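0 is the number of the first residue of the sequence shown in numbering that gives the first Met the number 0; add one for each residue after it. Beta carbons are placed, not taken as given, at the ideal position from N, Cα and C, and that holds for glycine. For clarity, every value in this text was computed on a predicted model and none was experimentally measured.
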Amino acid sequence: MSTVIANVKSRAQKPFTNEPLTDFSKEELKRTQTEALEQVKSELGRTYPLIIGGKKITSEQTFASINPTQPDQIIGHFVRATVEQTNEAVQVAATTFETWRRIPAEVRASYLFAAADLLRQRRFYINAWMIYEVGKSWPEADGDTAEAIDFLEFYAREMLRLAEPQPIIPAQGEHNQLVYIPLGVGVVIAPWNFPTGILVGMTSASFVTGNTVVLKPASTAPATAYQFVRILEEIGLPAGVVNFLTGSGSIVGDALIDNPQTRFVAFTGSRDVGLRIYERASKHQK
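Below is the structure:
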């Protein structure tokens with residue numbers, strides 16, 4: 000662990016800079032993106048599971064994500080999570096929180112740095128998923144991926160800053176400290192229009208600060224979300240820290256918000272859905 004902490008501190012000393020955008024006027028980069036599109040095209044139509052506590056859960060009850068620019072092209076099939084599975088995911092996240100909250104900030108930040116590195120390696124591949132699944136242009140998809148990398152790099156550094164002793168106004172005869180503590184289970188409900196950038200930002204900010212997450216992507220962009228969950232698995236993020244649920248917002252979303260173990264909701268989306276979340280979250284749950 001001491002090596003991990005030393006490496007993280009060394010990396011964090013380098014100032015944050017925004018990830019450069021790809022110049023698709025260059026033939027080499029254009030060819031690389033075309034090859035990534037062909038690779039993703041060969042992977043379309045697969046069936047994807049829920050992931051709860053590291054366990055992959057399948058079901059015959061699925062829905063399809065489709066290419067909005069070519070509606071007869073199926074991006075993938077996804078499980079319709081039930082209320083029971085939703086509550087199970089929250090319980091697993093709550094249990095995992097008891098250990099994750101005690102993991103040193105430097106170690107939590109190291110997962111974000113590792114995810115940023117892997118996301119850079121797969122940049123064109125992730126772009127391709129967004130191009131197919133939500134109809135983004137090449138530059139728009141690339142900007143989305145760059146934003147996700149920025150969030151990972153920035154939030155890792157911010158966690159290290161917030162974990163340090165915080166300045167407070169001294170009071171004679173008193174010894175005071177300001178310490179930030181995690182809340183518990185966070186629900187992340189992500190949008191379709193920035194299915195990598197915003198999703199990665201809300202999710203990584205939640206778990207780097209010691210919380211655990213139940214992630215529900217937009218039903219029109221679950222395949223893109225799954226690619227980030229794959230990255231988290233590959234970098235070794237402990238099971239249960241981020242749990243992946245797909246399904247109806249009126250079923251899965253409401254069950255997540257109504258669960259009394261949910262401590263906060265990170266949402267980006269429409270005004271109407273936001274007002275619905277605000278209303279339900281304001282009610283006392285037993």
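Only residues of its own chain outside the window of five on either side were considered, and among them Ile-51, Gly-52, Gly-239, Asn-242 have a CB closer than 8 Å to the CB of Val-91, listed in chain order. Per DSSP, the unbroken beta strand (DSSP E) holding Gln-72 starts and ends at 69-78. Taken atom to atom, the span from the alpha-carbon of Thr-46 to that of Val-207 is near 29 Å. Within its own chain, the residues whose Cβ lies closer than 6 Å to the Cβ of Gln-60, once the five positions on either side in sequence are excluded, are Arg-79, listed in chain order. In this structure, Pro-237 keeps its C-beta atom at 8 Å or more from the C-beta atom of Ala-224.
Between Thr-2 and Trp-99, the alpha-carbon positions lie close to 19 Å from each other.
When the five nearest sequence neighbours on each side are left out, the beta carbons in the same chain lying within less than 8 Å of the beta carbon of Thr-95 are those of Gly-52, Thr-211, Pro-237, Ala-238, Gly-239, Val-240, in order along the chain.
Comparing alpha-carbon positions, the option among Ser-64, Glu-152, Trp-191 lying closest to Ser-203 turns out to be Glu-152. Taking C-alpha positions only, Gly-183 is separated from Ala-254 by approximately 17 Å.
Following the DSSP letters along the chain, one finds Ile-180 in no beta strand (DSSP E), marked with neither H nor E.
For the 8 Å CB-CB criterion, Leu-198 and Ala-88 do not form a contact. Using a C-beta cut-off of 8 Å, the stretch 151-169 makes no contact with the stretch 67-74, since fewer than three inter-stretch Cβ pairs fall below that distance. In chain order, Pro-259 place their CB closer than 7 Å to the CB of Lys-285, counting only its own chain and leaving out the 5 sequence neighbours on each side. Unbroken alpha helix (DSSP H) runs of no fewer than 4 residues, entirely contained in the stretch 239-274, are found at 253-257, following chain order.
Ser-203: member of the alpha helix (DSSP H) spanning 196-207, first to last residue.
When C-alpha distances from Ser-64 are compared across Glu-278, Leu-20, Pro-48, Val-133, the shortest belongs to Val-133. Unbroken beta strand (DSSP E) runs of no fewer than 3 residues, entirely contained in the stretch 136-191, are found at 184-188, following chain order. Burial check for Asp-22: the Cβ neighbour count within 10 Å stays below 16, so the residue is exposed.
In terms of Cα proximity to Pro-138, the closest of Phe-123, Asn-17, Val-82, Asp-149 is Phe-123. For Leu-111, the three-state secondary structure derived from DSSP is helix. If you draw a straight line from the Cα of Phe-15 to the Cα of Phe-150, it is about 10 Å long. Of the candidates Pro-103, Pro-48, Leu-36, the residue whose Cα lies closest to the Cα of Val-7 is Pro-103. When C-alpha distances from Ser-269 are compared across Asn-17, Trp-191, Gly-235, the shortest belongs to Trp-191.
In the DSSP annotation of this structure, the continuous segment of the alpha helix (DSSP H) that includes Thr-31 starts and ends at 26-40. Ser-9 sits in a helix when the DSSP states are folded into three classes. Glu-105 counts as buried, since no fewer than 16 other beta carbons sit within 10 angstroms of its beta carbon. Nearest in C-alpha terms to Thr-33, of all of Lys-13, Tyr-131, Ala-265, is Tyr-131. Per the DSSP secondary-structure output, Ile-50 pairs in a beta bridge with Lys-55, Phe-243.
Taking each of Ala-113, Ile-125, Glu-278, Gln-171 in turn and checking the Cα distance to Ala-222, the smallest one comes out for Ile-125. In the structure shown, Phe-96 adopts helical secondary structure according to DSSP, grouped into three states.
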